[in-house]
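**Student:**
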Amino acid sequence: MDYKFVKTTCPFCGCGCQMLLEVLDGRLIGTLPFKGAQMNQGKLCIKGWNAHGFVQSPDRLTKPLIRKNGKLQEASWEETFDTVASRISDIKTRYGANSMSFLSSARCSNEENYLLQKLCRAGVGTNNVDHCARL
Amino acid sequence: MTNSIPEVEDADCIFLIGSNTSEAHPLIAHRIFRAVGKGAKLIVVDPRKIQMTMVADIHVRINYGTDVAFLNAIMHEIIKNNWHNPEFIKERTEGFEALEETVKKYSPEMASSICGVPPDVIHEVARLYATSKTSNIMYTLGITEHSHGVDNVKSLANLAMLTGHIGKPSSGVNPMRGQNNVQGACDMGALPNVYPGYQVVTNEDIRAKFEKAWGVSLSPNIGKMIPDMMDGLIDGTVKGMYIFGENSVETDPNIHHVRHALESAELLVVQDIFLTQTAKFAHVVLPGAAWGEVEGTYSNTERKVQRIRKAVEPPGEAMPNWTILMEIGKRLGVKMHYETAEQVFNEMTSLTPSFAGITYERIDKTDIQWPCPSLDHPGTKYLHQEKFTRGLGLFHAIEYRPSEELPDDEFPVILTTGRRYAHYHSRTMTGRCAALDREFPRPMAQIHFKDAERLGLADGDSMKVTSRRGEVITPVRVGDVVPEGSIFMDFHFEDANPNWLLGTSLDPVSKTPDYKVCAVRIERQED
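Heads up: the protein sequence lines correspond to chains F and S, in order. Numbering-wise (the numbering used here), the first sequence opens with residue 784 and increments by one. Numbering-wise (the numbering used here), the second sequence opens with residue 34 and increments by one.
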């Protein structure tokens, strides 16, 4: 039996409550409030208490998909990475860098947002990057 | 937020406007309740009788979208009664004369005819806010999601500067961010005009710094904002779109328009954890690892950078998002070689002065809020202590502008939208949390009991809501939370999503859509 708690930050609103993910043999089994946090002082809201629920949903995407003959079909990562990069390059060559645009994510981490804007600016050469803070 | 969350409970006066705090930010609402327990005066400005109004000293039941008229009248009363702070205005601000001239016109009587707030209430709110020792303005999307959202925000900044209620503990202008890392996404430069740390792309020295670090030449031109990207897909000026962790089809206004835009894309790449309605339009779908499966950081609404940690492995071949972005970046010729998320973070801090002193090691041990310019800097609990970012705080003289789409004979009812306590946005996450799904299994549009009676609607009956863009059918909750002549809908459920109804009226500066005021027609829907 491998049972542990992993301290993390709630994935829902901007409060940033601190919580413990309860893990048993590699599966998430619960969420508990972190009692020592300044922010939430040992409390969570109804969403926070249930945050672990969606992670292991059977609906999760588990393989890359590429549309072929009108349908999304499973593909290898290598083929997928090459396809995305070559199709972006192709659009850039034919229509210019500003014909690509990128929507980043207020749901994802700082590190991921940093890389997405770097990919857009350094990889494609446009500042067409935005996210839903505007909405 | 200019201030920190713990400071909320020590304020003498809290001016809460356009925020359904107990549902959308429950753990900040808790701090407000504690403040009230300690004797703070709570002013809640909202057309709806939300739960926060039950502990308020004053509930200002303002007409939808009339904030500027109301706030100008408050400033009119503050100046008239000499409750403003001449010393702060002289030393820390500029442009006061223009503001004074503009708000002169907004007597409580004149503003009352627009915003529906009785003149004596305007007077009392002005007195409480201005004369309390510390006064904290707190707001959310009820202020920003309007066709005059920027005017609303600037008016709140005017109010804080007029009274000097900013730059000290428990006194400031505090937008509460709605998403776990919307603060961080802005901080990281996921915006068309700035690099990480709000360093502007049009500044040559800053651009040169990033060009050197990234080893490429960069565009000097400001990029497109979301609504322009969508319009661009339709008019052909934008050909490809990469959507990372965003369900635009369900959360942007005017769903018909968004679908048309995505269908027009020559290339649509979607990176997500579920096959969302948006991902179904994609040419390529990239399966990312979810929260709980990756290392990294989020920045909360008080600018505190906090760790997220890996607890379990991602399912199947799903991969950490930073790895996916790195692999694509490499193939596009970008210098991207990282073994850990921490290495990405360290590259970012090396280029971002306001984050320069933040490391994974430091935030493991202590709470740090940016700006944190060096390793021995403790971080910043509240902003604008000595001076504002631009030096002097600038007053903006702002005239009231009505919302773009107001009720008329054909569409006589106001629709406003927002969140409910148990769900989050398009429910891709909360709809898959069993307890939350049980707690709140279906939408409920709030309607005033007199309107319901007129239409022959009982609680739980179905109502058809029609706007100039489309129609949806939703069950109703009858009560008096919304004022007569208006309805409230959440946007959590695909079939009853008010985003089918909303228009594309935008704030002219921020291009934020108006999610709060839309004209509709309502009728009983027979089952």
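Each residue gets a CB set at the ideal place from its N, CA and C atoms; glycine is no exception. Values in this document were obtained by computation on a predicted structure and should not be read as measured data.
#1: Quick one: does isoleucine 288 (chain S) have its CB under 9 Å from some CB of chain F?
#2: Would alanine 68 (chain S) pass as a contact of leucine 60 (chain S) if the rule is Cβ separation under 9 Å?
#3: With a threshold of 16 other CB atoms inside 10 Å of the CB of histidine 63 (chain S), please say whether the residue is buried or exposed.
#4: Please identify, using Cβ separations under 9 Å, the residues of the region 787-807 of chain F that lie next to chain S, in order along the chain.
#5: For glycine 831 (chain F), does the three-state DSSP call read helix, strand or coil?
#6: Kindly identify the DSSP beta-bridge partner or partners of alanine 478 (chain S).
#7: Suppose contacts are defined by Cβ-Cβ distances below 9 Å. Is alanine 389 (chain S) in contact with glycine 329 (chain S) by that definition?
#8: Excluding the 5 residues flanking tyrosine 433 (chain S) on each side, which residues of the same chain have their C-beta closer than 6 Å to its C-beta?
#9: Could you tell me the distance, in whole angstroms, from the CA atom of alanine 552 (chain S) to the CA atom of histidine 179 (chain S)?
#10: Out of S:Ile506, S:Arg487, S:Gly273, S:Ala485, which has the shortest C-alpha to C-alpha gap to serine 495 (chain S)?
#11: Going by beta carbon distance, what residues of the same chain come within less than 8 Å of aspartate 397 (chain S), once the five residues before and after it are set aside?
#12: Check the DSSP bridge columns for methionine 171 (chain S) and list the partner residues they point to.
#13: At 3 residues or longer, and completely inside the region 363-433 of chain S: list those beta strand (DSSP E) runs for me, N to C.
#14: Looking at the secondary structure, which residues open and close the beta strand (DSSP E) in which histidine 92 (chain S) lies?
#15: Please tell me whether aspartate 842 (chain F) has its Cβ less than 9 Å away from any Cβ of chain S.
#16: Could you give the distance in angstroms between the alpha-carbon of arginine 917 (chain F) and the alpha-carbon of proline 541 (chain S)?
#17: Going straight from the alpha carbon of glutamate 527 (chain S) to that of serine 459 (chain S), what length do you get?
#18: Give a yes or no on whether 9 Å exceeds the smallest Cβ distance from threonine 876 (chain F) to chain S.
#19: Listed in chain order, which residues of the region 317-329 of chain S have Cβ atoms closer than 9 Å to some Cβ of chain F?
#20: In terms of residue numbering, what span does the beta strand (DSSP E) encompassing tyrosine 275 (chain S) cover?
#21: Report yes or no: is there a C-beta of chain F within less than 9 Å of the C-beta of cysteine 219 (chain S)?
#22: Just to confirm, are serine 281 (chain S) and valine 271 (chain S) a CB contact at a threshold of 9 Å?
#23: Assuming tyrosine 336 (chain S) is part of the beta strand (DSSP E), what are its boundary residues?
#24: Using the Cα positions of glycine 349 (chain S) and threonine 792 (chain F), report the straight-line distance between them to the nearest angstrom.
#25: Please confirm whether threonine 334 (chain S) and glycine 825 (chain F) have their CB atoms less than 9 Å apart.
#26: Per DSSP, glutamine 801 (chain F) forms a beta bridge with which residues?
#27: Interface residues of chain S around glycine 836 (chain F) at Cβ under 9 Å?
#28: So, at 7 Å on beta carbons, what are the nonlocal neighbours of proline 386 (chain S) in its own chain, with the 5 sequence-adjacent residues on each side left out?
#29: Please state the DSSP three-state secondary structure of threonine 537 (chain S).
#30: With 9 Å as the threshold, decide whether the Cβ of leucine 439 (chain S) is near any Cβ in chain F.
#31: Going by Cα to Cα distance, which pick from S:Met108, S:Val498, S:Met522 is closest to proline 445 (chain S)?
#32: At a CB-CB cut-off below 8 Å, which residues of chain F make contact with methionine 381 (chain S)?
#33: Beta-carbon separation of leucine 132 (chain S) and leucine 189 (chain S) under 9 Å?
#34: What residue does the alpha helix (DSSP H) around threonine 196 (chain S) start on, and which one ends it?
**Tutor:** On the basis of the supplied data:
#1: no
#2: no
#3: buried
#4: Lys787, Phe788, Val789, Lys790, Thr791, Thr792, Cys793, Pro794, Phe795, Cys796, Gly797, Cys798, Gly799, Cys800, Gln801, Leu804, Glu805, Val806
#5: helix
#6: S:Val509
#7: no
#8: Val101, Ala102
#9: 13 Å
#10: S:Ile506
#11: Arg340
#12: S:Leu49, S:Asn207
#13: none
#14: 91-93
#15: yes
#16: 12 Å
#17: 7 Å
#18: no
#19: Val317, Val318, Leu319, Pro320, Gly321, Ala323, Trp324, Gly325, Glu326, Val327, Glu328, Gly329
#20: 273-277
#21: yes
#22: no
#23: Rather than tyrosine, the amino acid found at residue 336 (chain S) in this sequence is arginine. Looking at the DSSP string, arginine 336 (chain S) is not in any beta strand (DSSP E), and its letter there is neither H nor E.
#24: 24 Å
#25: no
#26: F:Thr792
#27: Met462, Thr463, Arg465, Cys466, Ala467, Ala468, Leu469, Asp470
#28: Gly230, Pro406
#29: coil
#30: no
#31: S:Val498
#32: Asn893, Glu894, Tyr897
#33: no
#34: 182-196
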